[in-house]
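All remarks here apply to the structure that follows.
In the numbering used here, the protein residues as written are 500 to 764.
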């Protein structure tokens, strides 16, 4: 049953608790997963619209992504979604971030967007050895992350909701290590772009990177961990070609596309 926005606050809380079970809950009878999702989308929408009227302009696909990120638990998904709305209103008040706000990050020329994988997911390439802490600090870096993720989302064809990253760590050293930035990017991705990540190919990872990886890994949620793949150099091209056609793969990995900086994509 869909929640009525005019019901009392206590009634809304009760219905949220009743709908807040896991996606894999037993006892759902003959309901299909789609029916369960549709029911919880309606419940969540009714609740969040009473808490923040700006949520009325959000489509059901976004509601569903937040639900899936919290195993269809309506209460947890609603809390995350309302947090997202407040963050977006303060962090991106004009609706988008311009390159003029990112002079130091843009100058590093470290993120590129071009091509699509075989399912239509846009591809981003990040060159880890070009990242250094800048005068812009962690705040400019976070804005750069949002700028890049928004660019990727804007390139998604109709019916596609996810993107792919190729994280290239060739030449990466301790001077590139920036755990605060890595955790900041991870937090933005997991909290504010849930269920947007399709896969991350981590390539050319040097042994010394694993020291940093051990620090970052505990902060990665279980859903994101499933989407991370370390690729050995000897199988790099064949692995990428399993999911990306050669005419959509960057030239530096044996494909046909030149790297296009994010700001020019």
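Note that the Cβ used here is the ideal one computed from N, Cα and C, for glycine as well.
Asked: Whether residue 678 touches residue 714 by CB criterion (9 Å); Found: yes
Asked: Uninterrupted alpha helix (DSSP H) stretches inside the region 696-737 (no shorter than 4 residues); Found: 708-715, 721-724
Asked: Residue 688 versus residue 670: straight-line alpha-carbon distance, rounded; Found: 25 Å
Asked: Local conformation of residue 626 per DSSP, three classes; Found: strand
Asked: Same chain, Cβ closer than 6 Å to residue 520, neighbours up to 5 away in sequence not counted; Found: Here the model assigns residue 520 a pLDDT of 41, short of 50, so the residue's position is not dependable, and the following value carries that caveat. No residues qualify anywhere along the chain.
Asked: Opening and closing residue of the beta strand (DSSP E) in which residue 605 lies; Found: From DSSP, residue 605 is part of no beta strand (DSSP E) but of the alpha helix (DSSP H) over 602-606.
Asked: DSSP-derived helix/strand/coil call for residue 573; Found: helix
Asked: Cβ-Cβ distance between residue 740 and residue 700 below 9 Å; Found: no
Asked: Any 3 or more C-beta pairs closer than 8 Å across the region 607-619 and the region 569-583; Found: no
Asked: For residue 760, the residue or residues it bridges with in DSSP; Found: 611
Asked: Touch test, the region 632-652 against the region 543-554, Cβ-Cβ under 8 Å, three pairs minimum; Found: no
Asked: Distance between beta carbons of residue 763 and residue 617, contact taken as under 8 Å; Found: Incorrect: roughly 25 Å between the Cβ atoms, too far for contact.
Asked: Candidates 726, 590, 755, 595, of which the one nearest residue 697 by Cα; Found: 726
Asked: Selected residue, minimal CA-CA separation from residue 535, among 559, 571, 544; Found: 571
Asked: Cα-Cα separation, residue 562 to residue 602; Found: 34 Å
Asked: Opening and closing residue of the beta strand (DSSP E) in which residue 616 lies; Found: Run containing residue 616: none; DSSP gives neither H nor E here.
Asked: Euclidean distance between Cα positions of residue 522 and residue 533; Found: Residue placement at residue 522 is poorly supported in this model, since its pLDDT is 41, which falls under 50; the coordinates still yield a value, given next. Distance between the alpha carbons of residue 522 and residue 533 is about 11 Å.
Asked: Residue 552 (DSSP reduced to helix, strand or coil); Found: helix
Asked: Close-in-space but distant-in-sequence residues of the same chain around residue 710 (CB under 6 Å, 5 per side omitted); Found: none
Asked: Three-way DSSP call (helix, strand, coil) for residue 667 in this model; Found: strand
Asked: Local Cβ density within 10 Å of residue 640, reported as buried at 16 or more and exposed below that; Found: buried
Asked: Residues bridged to residue 749 (per DSSP); Found: 756
Asked: Integer-rounded CB distance, given that residue 662 should sit under 8 Å from residue 620; Found: 5 Å
Asked: Contact check, residue 624 vs residue 690, beta carbons under 9 Å; Found: no
Asked: Reduced DSSP category for residue 662 - H, G, I as helix; E, B as strand; rest coil; Found: strand
Asked: Beta-carbon proximity list for residue 559, same chain, < 8 Å, skipping 5 on both sides; Found: 540, 544
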